[in-house]
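A.B. asks: Residue numbers (my numbering): 229 to 616.
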């Protein structure tokens, strides 16, 4: 058996897209895309990941990060803990080793001499040689040191079980764990929407598991139902025509710094007694939309002149909304009418160069216009904030 080292380059520019997702969640999503109809996939149920096949067989997968070490090294405690866990499941009758495949998934790609031998051991002779090498790792004088307790746990299952686990073991090592999900999303998707949709797919898988756990149900997901849900989402979300935001969520410190300096758009919000939550969200939207404009222009995703036309459309939308609120909300005080106007404007949906915008962008663009005093929220904003 050839060692599966999948050499696909890490897309560093997209790394931030997947912060907050665990390696197990990435692998859950991968298997939900890959598994045939009728199979189910579980997270941290029998193993880190388990694929429960419709023919009665099972794939157990241990997922290991190799960022700071090598979990596939000959004396790695993580490696032998995985084998020990599998042996325990076999000994307890939870799984049938003759109907189970055992996989160690490592990213970034690393391997070891012994794990490579285990991966390639298919014949009875090769399995026997590998088992003999494992037994030689046990030092009778150091039974409680390093990986030895885990190896002993594995060997305690007996030679018959150990031989089956070795024969059905596979090592998979990948440079980029995200690519194993991205490859299923890529077909027919514009490159600038790929990371958005990939992140959304992982999020859907994670949310389905979280919901099952909250309901006290086993965290087992139908691969068919997951794919159906993802295809419905991708069809409705229009992400394939969305301008992708690369702007990170601003830190509390960055938001506080803007509020402290009190630029005009902040003072405009304070004039309508905006809540802390409204103010924080507005500053975050402003900072992210400003960064998006620069990124999209630099990447050639938009024509810079189109931003001017877009701003003119927002100013027109502001005037229409303001006039309507002044006519229909006469019983509401001035700050209240201002907050209503802000919310109405922030909820506006308009395309930019025919493309869908991320949810924060229009609110941020309105705050940019408020900073320039082209729009305002208080009915008397032109008097309160005159052009200098």
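Ideal Cβ positions, reconstructed from N, Cα and C, are used throughout, including at glycine.
(1) Give me, in chain order, the residues of the same chain whose beta-carbon lies closer than 6 Å to that of residue 265; leave out the 5 immediate sequence neighbours on both sides.
(2) When we look at the beta-carbon of residue 520 and count the other beta-carbons within 10 Å, is it buried (16 or more) or exposed?
(3) Relative to the C-alpha of residue 512, which candidate in 446, 389, 593 has its C-alpha closest?
(4) Helix, strand or coil: how does DSSP classify residue 529 here?
(5) Please go through the same chain and pick out, in chain order, the residues whose beta-carbon is closer than 8 Å to the beta-carbon of residue 455, but skip the five residues on each side of it.
(6) Flag this pair as yes or no: are the beta carbons of residue 300 and residue 389 separated by less than 9 Å?
(7) Could you work out which residue in 531, 344, 281, 256 is closest to residue 397 when comparing CA atoms only?
(8) Considering only residues of the same chain and omitting the five flanking positions on each side of residue 413, which have a CB-CB separation below 7 Å?
(9) Looking at residue 270: is its Cβ nearer than 9 Å to the Cβ of residue 447?
(10) According to DSSP, simplified to helix, strand and coil, what is residue 602?
(11) Can you give me the C-alpha to C-alpha distance between residue 367 and residue 321, rounded to a whole angstrom?
(12) Less than 9 Å between the beta carbons of residue 569 and residue 524, yes or no?
(13) Tell me which residues share the same chain as residue 391 and place their Cβ nearer than 7 Å to its Cβ, disregarding the 5 neighbours each side in the sequence.
(14) Could you spell out the range, first to last residue, of the beta strand (DSSP E) harbouring residue 402?
(15) Can you tell me where the alpha helix (DSSP H) holding residue 289 begins and where it ends?
(16) Would you say residue 311 and residue 382 are within 9 Å of each other, going by their C-beta atoms?
(17) Between which two residues does the alpha helix (DSSP H) harbouring residue 497 extend?
C.D. replies: Looking at the coordinates:
(1) Excluding positions up to five away in sequence, the list reads 452.
(2) Here residue 520 is buried. Its C-beta has 16 or more other C-beta atoms within 10 Å.
(3) Check the Cα spacing between residue 512 and each of 446, 389, 593: the tightest is with 593.
(4) Reduced to three states, the DSSP call for residue 529 is coil.
(5) Cβ neighbours of residue 455 beyond the five flanking positions: 260, 261.
(6) If you check the CB distance, residue 300 and residue 389 do not come in under 9 Å.
(7) The closest CA to that of residue 397, considering only 531, 344, 281, 256, is found on 344.
(8) Cβ within range, chain order: 422, 425, 426, 429.
(9) Closer than 9 Å, so yes.
(10) The three-state reading of DSSP puts residue 602 in coil, since its state is none of H, G, I, E or B.
(11) CA-to-CA, the gap between residue 367 and residue 321 works out to about 29 Å.
(12) No, the Cβ-Cβ distance between residue 569 and residue 524 is not below 9 Å.
(13) Once the five neighbours on either side are set aside, the close Cβ partners of residue 391 are 355, 359.
(14) In the DSSP assignment, residue 402 falls within the unbroken beta strand (DSSP E) covering 397-402.
(15) Where residue 289 is concerned, there is no enclosing alpha helix (DSSP H), although the beta strand (DSSP E) it sits in stretches over 286-293.
(16) In contact: residue 311 and residue 382 (Cβ atoms closer than 9 Å).
(17) In the DSSP assignment, residue 497 falls within the unbroken alpha helix (DSSP H) covering 492-498.
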